[in-house]
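In our numbering, the protein residues as written are 28 to 134.
Reading through the structure tokens given below for one structure.
Encoded structure:
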């Protein structure tokens, strides 16, 4: 966005909890450098409100959750406690590679 020729640059940020820090740093750096032709379009979601919404639906058919480890490394596991405490569903945190996710699901 800073290199000539000047043109409009749109940063499209999409993802969940783990991708938000990268978007935030990019926004912070653009502001610090006073880049005026740089715009953001962000579609990030946080997983916890999404999970709550799913669990509030009657007859949701959800028996358990298999949570990816990389997300929990960013947000921690305390935010997930409501799943066991309030709605009595198990949640297993497993690594972010395919084999680890299979192990977490009990194969």
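In this text, a Cβ means the ideal position worked out from N, Cα and C, and glycines have one as well.
- Cut-off 7 angstroms between Cβ atoms - residues of its own chain near residue 37, not counting five sequence neighbours on either side: Taking the first residue of the chain shown as 1, we reach residue 37 at position 10. The residues are 66, 68.
- Item | Close Cβ partners of residue 53 (< 7 angstroms) along its chain, the five nearest in sequence each way excluded | For the purposes of this step, residue 53 is taken as the residue at position 26 of the chain shown. Excluding residues within five positions, the ones whose Cβ falls inside 7 angstroms are 38.
- Task: Less than 8 angstroms between the CB atoms is what I'm expecting for residue 70 and residue 41, so what's the real figure, rounded?
- Result: Locating residue 70 in the chain shown gives position 43, counting from the first residue. Locating residue 41 in the chain shown gives position 14, counting from the first residue. Confirmed, Cβ separation roughly 5 angstroms.
- Query: In chain order, which beta strand (DSSP E) runs of at least 3 residues are fully inside the segment 52-128?
  - Reply: Within the segment 52-128, the complete beta strand (DSSP E) runs of at least 3 residues are 65-71, 92-95, 118-121.
- Query: For the beta strand (DSSP E) that residue 37 lies in, which residues bound it at each end?
  - Reply: Walking along the chain shown from the start, residue 37 turns up at place 10. Here the beta strand (DSSP E) through residue 37 covers 36-42.
- Exposed or buried, which one is residue 107 when buried takes at least 16 other CB atoms within 10 Å? On the chain shown, residue 107 is found 80 positions in, with the first residue counted as 1. Residue environment: residue 107 is assigned as buried (16 or more neighbouring CB atoms within 10 Å of its CB, all protein chains considered).
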